[in-house]
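As structure tokens, the structure follows; a few thoughts come after it.
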Amino acid sequence: MKGADPSGTHPVVLSVRSRLSLQHRTQTVTAMPKCPKCNKEVYFAERVTSLGKDWHRPCLKCEKCGKTLTSGGHAEHEGKPYCNHPCYAAMFGPKGLLPAPSAPLPAPTCLRPLPVLA
Numbered sequence: 001m002k003g004a005d006p007s008g009t010h011p012v013v014l015s016v017r018s019r020l021s022l023q024h025r026t027q028t029v030t031a032m033p034k035c036p037k038c039n040k041e042v043y044f045a046e047r048v049t050s051l052g053k054d055w056h057r058p059c060l061k062c063e064k065c066g067k068t069l070t071s072g073g074h075a076e077h078e079g080k081p082y083c084n085h086p087c088y089a090a091m092f093g094p095k096g097l098l099p100a101p102s103a104p105l106p107a108p109t110c111l112r113p114l115p116v117l118a
């Protein structure tokens with residue numbers, strides 16, 4: 001066949017395939033997610049998804065104590081991860097409902113004495 005190379009393929013076809021392959025590789029590289037903590041690219045092997053974003057495993061840490069967290073095993077406040085206990089509960093949980101552990105419980109004031117049954 002005239003114009004064919006020794007392998008039997010047409011140079012035009014090779015050129016189109018090469019360009020498509022290059023475009024695919026370029027798109028794949030530019031689509032790499034960035035870690036919200038360190039802002040570096042997150043590769044598949046080191047990725048953990050949490051809070052709707054892809055993180056490096058070592059970057060997903062509690063904002064208060066620095067403990068490494070697992071996907072889904074933590075709480076979130078304003079887009080930042082926190083361990084459930086004690087950090088999230090201490091910082092954002094209900095306050096003022098219980099006395100300090102060493103303080104005595106106050107005497108109930110709203111209870112009536114129970115009637116004595118004969």
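UniProt numbering puts the first residue of the sequence shown at 1, with every later residue one more than the last.
All C-beta atoms in this analysis are idealised placements derived from N, C-alpha and C, irrespective of residue type, glycine included.
Alpha carbon of residue i to alpha carbon of residue j, nearest angstrom
i	j	result
V42	W55	7 Å
P86	P115	43 Å
P33	G93	32 Å
E63	E46	20 Å
Y82	L117	53 Å
Y88	T49	20 Å
F44	R57	11 Å
residue 119	K53	The shown model of the chain, from 1 to 118, leaves out residue 119, and the question about it has no answer.
residue 125	C59	Nothing in the structure corresponds to residue 125, since the chain is present only between 1 and 118.
Identity of the residue in the options nearest residue i by Cα
i	options	result
L51	Y88, A75 and P58	A75
C65	A31, K95 and M91	M91
Exposure label - residue i; buried when at least 16 CB within 10 Å
i	result
P36	buried
P113	exposed
Presumed contact (8 Å Cβ cut-off) between residue i and residue j, rounded CB distance
i	j	result
T70	K61	Not confirmed; about 11 Å, so no contact.
Along the chain, which unbroken stretches of the beta strand (DSSP E) at least 3 residues long are found entirely within the UniProt domain "LIM zinc-binding" (33-94)? 47-50, 53-56, 75-77 and 80-82
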